[in-house]
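The next block holds one structure in the form of structure tokens; read it before the comments.
In my numbering, the protein residues as written are 317 to 490.
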């Protein structure tokens with residue numbers, strides 16, 4: 317199941333954001349950095365929406381930036397969507413530079429937020445799939461050949477060595 321962590325200190329926005337997502341997304345909502353890190357360690361959400369203005373500095377963004385750094389250190393594959401106010405675009409751009417995958421500007425629009433979060437889930441899914449495909453043992457560097465056994469991988473390595481030469485080659489085996 318998909319898991320979304322919402323980090324927002326405003327109770328009204330917390331409930332609005334939770335309401336945006338359907339039953340196929342498990343949503344956890346927290347209001348501070350400590351709780352966010354605890355949920356991140358325990359549930360490993362694929363996507364996090366992060367309000368930069370968190371206590372004890374709700375007017376600034378220092379706590380939000382610190383949490384962003386912590387999230388990216390603990391779970392680098394997690395997609396972080398920074399949620400900012402209209403006048404706070406510079407901090408959103410800074411967060412993207414630090415490694416956030418996207419940003420969303422308040423006020424809340426359920427359709428746009430849902431779109432941005434679903435796009436982040438899809439990106440996380442594609443990156444995981446890509447990683448599994450490229451690191452799996454059923455991978456060969458030769459286009460069109462899928463090899464799982466060590467013997468076939470050895471043959472693929474032989475083909476790669478012989479291919480650049482200008483000699484006729486016959487590979488036999490059982």
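Don't be surprised by glycine CBs; every beta carbon is placed ideally from N, CA and C.
Contact under 9 Å by Cβ, residue i with residue j
| i | j | result |
| --- | --- | --- |
| residue 358 | residue 382 | no |
| residue 380 | residue 390 | no |
| residue 436 | residue 419 | no |
| residue 402 | residue 423 | yes |
Closest residue to residue i among the options (Cα-Cα distance)
| i | options | result |
| --- | --- | --- |
| residue 340 | 423, 391, 320 | 320 |
| residue 361 | 388, 377, 378 | 388 |
| residue 378 | 402, 403, 411 | 411 |
| residue 323 | 372, 338, 423, 346 | 346 |
Burial state of residue i, where buried means 16 or more other Cβ atoms lie within 10 Å
| i | result |
| --- | --- |
| residue 416 | buried |
| residue 344 | buried |
| residue 431 | exposed |
| residue 459 | exposed |
| residue 364 | buried |
| residue 384 | buried |
| residue 482 | exposed |
| residue 404 | buried |
| residue 487 | exposed |
| residue 355 | buried |
| residue 428 | exposed |
Cα-Cα separation, residue i to residue j
| i | j | result |
| --- | --- | --- |
| residue 392 | residue 461 | 32 Å |
| residue 450 | residue 444 | 10 Å |
| residue 318 | residue 353 | 18 Å |
| residue 479 | residue 471 | 12 Å |
| residue 464 | residue 441 | 24 Å |
| residue 474 | residue 446 | 26 Å |
| residue 335 | residue 370 | 21 Å |
| residue 397 | residue 469 | 41 Å |
| residue 467 | residue 477 | 16 Å |
| residue 448 | residue 395 | 18 Å |
| residue 433 | residue 400 | 15 Å |
| residue 414 | residue 485 | 52 Å |
| residue 325 | residue 438 | 27 Å |
| residue 368 | residue 376 | 8 Å |
| residue 425 | residue 351 | 26 Å |
| residue 421 | residue 333 | 13 Å |
| residue 327 | residue 386 | 23 Å |
| residue 338 | residue 489 | 55 Å |
Residue(s) in a DSSP beta bridge with residue i
| i | result |
| --- | --- |
| residue 342 | 319 |
| residue 365 | 322, 397 |
| residue 418 | 397 |
Minimum Cβ-Cβ distance from residue i to chain D less than 9 Å
| i | result |
| --- | --- |
| residue 418 | Among the chains of the structure shown, chain D does not appear; only one protein chain is present. |
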